[in-house]
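*Asks:* Just dropping this structure here.
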Amino acid sequence: MTAPPPDDCLARNDWICGDYLSTRRQILLDAVAQHLQLTVTSVALGLLIAVPLALLARRRRWTLGPVLGITTVIYTIPSLAMFSLLLPVYGLSATLVVVGLALYSLTLLVRNILAGLDGVPAEAKEAARGMGYGPMRQLLTVELPLALPAAMAGLRIATVSAVALTTVGAIVGYGGLGNLIYAGMNAFFKAQVLTASVLCVIIAVVLDLLLLGAERLLTPWRRAGRKARPRARATGGARSRRPLTASGRRA
């Protein structure tokens with residue numbers, strides 16, 4: 129005769145367990161806080177490096193190939209190898225994870241910033257020069273704002289990628305939710321693995337939505353353009369349906 133299953137979902141080692149959330153709440157909050165700190169810091173550092181690199185590659189075209197080539201090579205390095213290469217410099221620290229993730233974000237950020245700058249209409253730059261704008265003022269007030277949508281697309285991808293890659297930092301003890309996933313896999317603790325994984329997905333979605341909202345706030349002219357196009361189509365359609373008069377003109 130087999131014994132009945134225990135009533136406690138922790139004892140049964142269920143994948144979904146409310147008791148795990150209630151008994152490990154502070155542990156989960158600390159892991160989420162560390163995960164967010166590592167992700168945001170690394171992406172911010174990557175952005176601080178990527179913007180000057182993109183501007184350099186755009187101003188001095190002979191640097192374009194080396195900049196894109198080096199950042200692409202860095203992106204292809206496996207995360208374990210990257211942390212091993214940085215270990216002698218930063219040791220077992222959070223800085224090791226932050227620098228590694230920042231380096232990974234460079235190729236996404238640099239390419240999208242360059243794509244945005246190259247996509248600025250020539251007539252906009254000519255109009256700025258005609259108004260007496262110098263190179264720096266033109267860059268800050270005309271080119272960078274118009275390049276913002278492409279740059280933000282790269283920033284969103286880099287941020288979501290950083291959320292996922294942060295978990296690898298568990299190998300040095302600074303992986304945020306990755307620490308819980310790693311420990312849960314070793315102990316085959318189902319609820320811990322699933323909960324930490326779901327929280328990673330939630331963090332990625334929330335950060336992506338926040339960046340999307342920031343992009344819409346920073347580019348109000350795009351919303352105005354989308355609203356104007358349907359109105360123009362509606363006006364044109366209504367005008368085309370007017371009957372012709374005897375003179376051949378529309379009423």
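Going left to right, the sequence shown walks through residues 129 to 379 as my numbering numbers them. Cβ coordinates follow ideal geometry from the N, Cα and C atoms, glycine included.
Which residues in the same chain as P249 place their Cβ atom closer than 6 Å to its Cβ, once the five residues preceding and following it in sequence are excluded?
*Replies:* Correct list: empty, nothing qualifies.
*Asks:* How big is the Cα-Cα spacing for V321 and P216?
*Replies:* Taking the straight line from one Cα to the other gives about 31 Å.
*Asks:* So, is T167 buried or exposed, given that buried needs 16 or more other C-beta atoms within 10 angstroms?
*Replies:* So T167 counts as buried.
*Asks:* If we require 4 or more residues per run, which alpha helix (DSSP H) segments fall completely within the stretch 223-286?
*Replies:* Runs of the alpha helix (DSSP H) inside the stretch 223-286: 250-258, 263-266.
*Asks:* What is the DSSP secondary structure of S221, reduced to helix, strand or coil?
*Replies:* In the structure shown, S221 sits in coil (DSSP, three-state: anything other than H, G, I, E or B).
*Asks:* Using CA coordinates, which residue listed in G247, C137, N307 is at the minimum distance from L293?
*Replies:* For the residues G247, C137, N307, the minimum Cα distance to L293 belongs to N307.
*Asks:* For S375, which residues of its own chain have a beta-carbon under 8 Å away from its beta-carbon, when the five flanking residues on both sides are left out?
*Replies:* Because the pLDDT of S375 is 45, which lies under 50, any placement of that residue in the model is unreliable, and the number read from its coordinates should be weighed accordingly. No residues qualify anywhere along the chain.
*Asks:* Smallest Cα separation from D336: which of V291, S150, G174?
*Replies:* Of the candidates V291, S150, G174, the one whose C-alpha sits nearest the C-alpha of D336 is V291.
*Asks:* Quick check on DSSP: helix, strand or coil for F211?
*Replies:* Of the three classes helix, strand and coil, the one that applies to F211 here is helix, per DSSP.
*Asks:* State the CB to CB distance for the pair A256 and V270, rounded to an integer number of angstroms; the pair is presumed to be in contact (CB under 8 Å).
*Replies:* Contact holds; Cβ gap of about 5 Å.
*Asks:* Going by C-alpha distance, which of V225, A161, V171, L234 is nearest T204?
*Replies:* Of the listed residues, the one whose Cα sits closest to T204 is L234.
*Asks:* Expressed to the nearest angstrom, what Euclidean distance is found between the alpha-carbon atoms of D147 and A298?
*Replies:* About 25 Å.
*Asks:* Once you ignore the five residues that flank M264 on each side, which residues in its own chain have a CB closer than 8 Å to its CB?
*Replies:* Excluding sequence neighbours, M264 sits near nothing in its chain.
*Asks:* Figure out for me which residue from I144, Y218, R187, L156 has the closest Cα to the Cα of V300.
*Replies:* For V300, the nearest C-alpha among the options comes from Y218.
*Asks:* Below 8 Å on the Cβ atoms is my contact criterion, and I expect A159 with L305 to pass it. Report the Cβ-Cβ distance as a whole number of Å.
*Replies:* About 5 Å separates the two Cβ atoms, so the contact holds.
*Asks:* With DSSP collapsed to three states, give me the class of C145.
*Replies:* Reduced to three states, the DSSP call for C145 is coil.
*Asks:* Report the rounded CA-to-CA distance for P206 versus L242, giving the unit in angstroms.
*Replies:* The alpha-carbon atoms of P206 and L242 are separated by roughly 25 Å.
*Asks:* Within 10 Å of its beta-carbon, does R140 have 16 or more other beta-carbons around it, so buried, or fewer, so exposed?
*Replies:* R140 comes out exposed.
*Asks:* Under a Cβ-count criterion, where at least 16 other Cβ atoms within 10 Å of its own Cβ denotes burial, should S170 be classed as buried or exposed?
*Replies:* S170 should be labelled buried.
*Asks:* Nearest to T199 by CA position, among C137, P273, Y232, S212, is which residue?
*Replies:* Of the listed residues, the one whose Cα sits closest to T199 is Y232.
*Asks:* Leaving out five residues on either side along the sequence, give the residues of the same chain with a beta carbon under 6 Å from the beta carbon of Q266.
*Replies:* These residues qualify, in order along the chain: A256.
*Asks:* Where does R152 sit, in a helix, a strand or coil, going by DSSP?
*Replies:* R152: coil per DSSP, three-state reduction.
*Asks:* Closer than 7 Å by C-beta to A278: which residues in its own chain qualify, once you throw out the five before and the five after it? Chain order, please.
*Replies:* Correct list, in chain order: N240, A243, G244, G247.
*Asks:* So for P348, helix, strand or coil by DSSP?
*Replies:* Three-state DSSP puts P348 in a helix.
*Asks:* On the criterion of 16 or more Cβ atoms from any shown chain inside 10 Å, does F317 qualify as buried, or is it exposed?
*Replies:* The residue is buried, with at least 16 neighbouring Cβ atoms inside 10 Å.
*Asks:* Grouping DSSP H, G and I as helix and E and B as strand, with all else coil, what is P216?
*Replies:* If DSSP states are grouped into helix, strand and coil, P216 belongs with the helices.
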